[in-house]
Amino acid sequence: MYPKTLILSAATTALLALEQLPFAFGYTRLDESPLSITSKIVQTFDNESFGAVLNDTQNVWLVNFHSSWCPDCRQFALEWEKVSSVYSNVENIHWGAVDCTTQNDICSQEGIQSYPRVKMYHVPPDAKEAITMPFGRDMNARYVAKWIEETLKDNKMQRGIDVDEVYPPNNVSRNPKKMFGDPVEPLYDDRSVDVQLKRLKAAGTTALFTFEVGFFMGTTVLQGKRYEAAVTWVRTLAASFPFKENRDAFAKLVDAMKEQKRWKQADWNNLINRWKVTANAMSYPSNLFADKDVLYMCKTFMCGFWTLFHTLTVSDVTSESSMEQWKPSEIVLAIRLVVQYFFGCEMFKRRFLTVNTKTVIENLALIDEDGPNTVILWIWTVHNIVNMFYGKSMWPTKLSCPYCYDTNILPLSFDPTMLNEDIVAAYVRSVYKFGDKLKLEQHRLVTTPWVSMRSIATVAVLIAIFAALIQQFKHHLIGTKVLKTQDHIA
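Under mature numbering (1 follows the signal peptide of the UniProt record, and there is no 0), the letters of the sequence shown match residues -26 to -1, 1 to 464, in that order.
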């Protein structure tokens, strides 16, 4: 039985701590559409055009380094466009943006380890280094404009606008009480074999993303604490990722990366390319690590990371099938390391690390012997806390898992008197634990030949029967008006 007091105290403490953090953009629902820069003032840069910016010492350049999968970047991009339009008639101040997902070389060169990150270039004109804007409590257009004007003044350069005139001070808090969004039921069955296979592929893609992008986020050399965190992360995958074939592939990478303790990015890229050839040949399913940009079930890497985190925590890491015998709390520690060192979305990182303190992990370690349920439910709790701050619904919904909650009151909450924690843990395991059933079903689909129909009439009869069944039982189905193809992952 999972200790109810741990959920109550930890979740309450986490929410109180998070209220003290700078919530840069207030309450917002997550936008999962591709991020685009619509302003004609803000220029998007690649390697060549960004090089021109570095050489243009006669002008002040302000550059927003972002990532399209980071929800806080999406909100800040709107503020960035607003403030750039205010400066549109100011000479010698220009605006740009770099997507670190597609222009990782630029971001590594500039030391960008989290997003959104703003840098000001050529202030003063002979400056050797850019000036980085501090991450503030309300990173809105006023905040950016005020920082620009103060920085120009400090460097005895001509100022552009009167901030208080353009953006009158507003003392009203922009951070209302956080609440879960309305329940949204997916069109698919979370526990179907097809969906599980897609989640497994998304987990594999996300693991590859950490190798190819995360390890060198903001740096061109993997060494020191980042190297140690990287080794721990890959060892964790070798111990807890689904299926022995995949764990063996990760174990090979552990051995290879231990051959040296300092990796230049070019050497690491060569190593990963060689490893992918071997890993994709031996993985289940095959080619699991072929492309870091194909996420299957997920639209963003935020979703991919949650999929991977849940997948690792439901793994039986103490079984003989694992390469190493890991304790459940060690999985949480490894997840904390990957967020701390290799995750780029700044506000998510702050929220996650504030909730997953070392003290929390030490407390989880005290009850490792009780099994993985505690860790499964803790990551479930953290995930739903993040869902709350992005205005998404609590997962699973009451309709998806009727016995997970001892209440019919909405919205759902973390009140332990309303939770059937063993049932919640079992539900999470049923969604994210990929066992022999997945392999057997995939084998059946591959090996079972299609039995051809004898005639078009046979097909017509079957269609008619199916239509009649739908008509007969349609009142048992959820109305399609309330269904949306929206995942539960923030």
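C-beta: ideal position from N, C-alpha, C; glycine also.
(request) Would you mind working out which of R310, V187, E53 sits nearest T333, comparing C-alpha positions? (result) R310
(message) Going by DSSP, what residue range makes up the beta strand (DSSP E) through H40?
(response) 34 to 40
(request) Starting from Y95, trace the beta strand (DSSP E) both ways and give me its first and last residue. (result) 91 to 95
(request) Quick one: grab the DSSP three-state call for K250. (result) helix
(message) Using a Cβ-Cβ cutoff of less than 7 Å, which residues in the same chain neighbour Y401 once the five nearest sequence positions on both sides are dropped?
(response) P370, C375, C378
(request) Have a look at T328 and E65 and give me their C-alpha separation to the nearest angstrom. (result) One alpha carbon belongs to T328, the other to E65, and they sit about 42 Å apart.
(message) Determine whether the beta carbon atoms of residue 496 and Y95 lie at a separation below 8 Å.
(response) One cannot answer for residue 496 here, as it falls past the ends of the chain, which runs -26 to 464.
(message) Between the alpha carbons of V360 and W207, how many angstroms are there, rounded?
(response) 22 Å
(request) Provide the residue(s) that pair with C319 in DSSP beta bridges, ordered along the chain. (result) Y89
(request) Kindly indicate if chain C contains any beta-carbon less than 8 Å away from that of S214. (result) Looking for chain C here will not work: only one protein chain is present.
(message) Could you check whether K323 and S62 sit closer than 8 Å to each other, using their CB atoms as the reference points?
(response) no
(request) Pull up the DSSP beta-bridge partners for A71, would you. (result) T18, N38
(message) Using CA atoms only, rank isn't needed, just tell me which of L286, L52, V34 is closest to E103.
(response) Nearest in C-alpha terms to E103, of all of L286, L52, V34, is V34.
(request) Please work out which residues of its chain come closer than 6 Å, Cβ to Cβ, to T285, disregarding the five sequence neighbours upstream and downstream, and give them in chain order. (result) A177, Y406
(request) Within the same chain, show all residues whose beta-carbon is closer than 8 Å to that of D380, passing over the 5 residues directly before and after it, in chain order. (result) The answer, listed in chain order, is T391, M392, L393, N394.
(request) Report the three-state DSSP secondary structure of W43 (helix, strand or coil). (result) coil
(message) Between the alpha carbons of S59 and T180, how many angstroms are there, rounded?
(response) Their Cα atoms are separated by approximately 36 Å.
(request) May I have the straight-line CA-CA distance separating L373 from V398, to the nearest angstrom? (result) 13 Å
(message) I'd like the list of long-range same chain contacts for F19, defined as Cβ closer than 6 Å, with 5 residues on each side in sequence excluded.
(response) Apart from the 5 residues on each side of it in sequence, F19 sits with its Cβ closer than 6 Å to the Cβ of G70, V72 in its chain, given in chain order.
(message) Does the contact criterion of 3 or more C-beta pairs under 8 Å hold for the region 227 to 237 versus the region 347 to 354?
(response) no
(request) Alpha carbon to alpha carbon, how far is C277 from F283? Give it in angstroms, no decimals. (result) 10 Å
(request) May I ask you to report which of helix, strand or coil DSSP gives Y141? (result) coil
(request) Any chance you could list the alpha helix (DSSP H) runs of at least 4 consecutive residues sitting entirely within the region 327 to 362, in chain order? (result) 332 to 339
(message) Quick check: the Cα distance between D241 and W280, rounded to an integer number of angstroms?
(response) If I take the Cα positions, the gap works out to 29 Å.
(request) Would you check if the distance between the CB atom of F316 and the CB atom of F189 is smaller than 8 Å? (result) yes
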